[in-house]
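Undergrad: For the sequence shown, the UniProt record's numbering begins at 1 and goes up steadily by one. Idealized CB from N, CA, C, for every residue including glycine. Just dropping this structure here.
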Amino acid sequence: MFVVNSQECYNKLELSNPKKIYKCQLSASSAAKRETGPYNIRKHSKKGWSPALRLGPHKPYFQIDFLRNTRVSRLEFIKVADTRSVTKYRLQYSHTGSDWLYANEVTELTYKKNGEAIDTLEKPIQTRFVRVIIEEAEKGEEDTKYIGLKMEMYGCFIGEKLPSVTCAKTDPTWYSDDKNKYG
């Protein structure tokens, strides 16, 4: 086994570019509203992604399907105004989208004055699917403020997108304001 940790694998994976990462590649366990859906995770969106408020042991997650083999080496978390920030997270990855492995232990985030927290992975992962699980968010105002998150990922694409590999046909995200779905 060889560990590759070269400079070219710290490029932006361009989550913020809808021409590179399509809306259909972004999903989540839930979203508070359509206007805070997973496609709002993009760095330059106004609202960010906000998971639905749910009771119990549920841990919300954001997921991306890169549609090809991708090496992920660093994650950038960005605070969203008027929301509760993510303070701890855990990363999962999958080659199939159904069997998941953990890439790290629960990791605490430290935000700089600019509202960004960077986590460089001890061991970069090479995979197609990545899932960011929110383990903890800022305390206080849980009843009045949603969790909010915007982010960017860094690494490099290992393979080309194949024409036979496409996005999911339907958005698997559960939206709490969707009156057609109750859960």
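Identify the residues that DSSP records as bridge partners of phenylalanine 129: which are they?
TA: Partner(s): Asp65 and Ser94.
Undergrad: If you draw a straight line from the C-alpha of valine 165 to the C-alpha of arginine 68, how long is it?
TA: Rounded to whole angstroms, valine 165 to arginine 68 spans 8 Å at the Cα level.
Undergrad: Measuring CA to CA, which of Glu141, Leu53, Gln126 and Lys20 is closest to alanine 31?
TA: Of the candidates Glu141, Leu53, Gln126 and Lys20, the one whose C-alpha sits nearest the C-alpha of alanine 31 is Leu53.
Undergrad: Do the segment 93-110 and the segment 139-151 meet, that is, are 3 or more Cβ pairs less than 8 Å apart?
TA: No, the segment 93-110 does not touch the segment 139-151.
Undergrad: Between the segment 77-84 and the segment 143-162, can you find at least three pairs of beta-carbon atoms closer than 8 Å?
TA: The segment 143-162 vs the segment 77-84: in contact.
Undergrad: Grab the span of the beta strand (DSSP E) containing leucine 26 for me, first residue to last.
TA: Element bounds for leucine 26: 26-28.
Undergrad: Can you round the beta-carbon distance between cysteine 156 and cysteine 9 to whole angstroms, since I take them to be within the 8 Å contact cut?
TA: About 4 Å; that satisfies the 8 Å criterion.
Undergrad: Does proline 163 come out as helix, strand or coil in the three-state DSSP assignment?
TA: Reduced to three states, the DSSP call for proline 163 is coil.
Undergrad: Just checking my contact of isoleucine 41 with leucine 15 at CB under 8 Å: how many whole Å lie between their CB atoms?
TA: Confirmed, Cβ separation roughly 7 Å.
Undergrad: Which residues mark the beginning and the end of the beta strand (DSSP E) in which glycine 155 is found?
TA: First-last of the beta strand (DSSP E) with glycine 155: 150-157.
Undergrad: Can you look up isoleucine 41 in the DSSP assignment and give me helix, strand or coil?
TA: Three-state DSSP puts isoleucine 41 in a helix.
Undergrad: Taking buried to mean at least 16 other C-beta atoms within 10 Å of its own C-beta, is glycine 48 buried or exposed?
TA: It is buried - the Cβ of glycine 48 has at least 16 other Cβ atoms within 10 Å.
Undergrad: Excluding the 5 residues flanking threonine 173 on each side, which residues of the same chain have their C-beta closer than 7 Å to its C-beta?
TA: Excluding positions up to five away in sequence, the list reads Ser27, Ala28, Ser30, Ala31, Gly37 and Pro38.
Undergrad: Mind reading off the beta-carbon distance from glutamate 135 to arginine 90? Whole number of angstroms is fine, and I expect it under 8 Å.
TA: Indeed, because the Cβ distance is near 5 Å, the residues count as touching under 8 Å.
Undergrad: So for glutamate 116, helix, strand or coil by DSSP?
TA: Correct three-state label for glutamate 116: strand.
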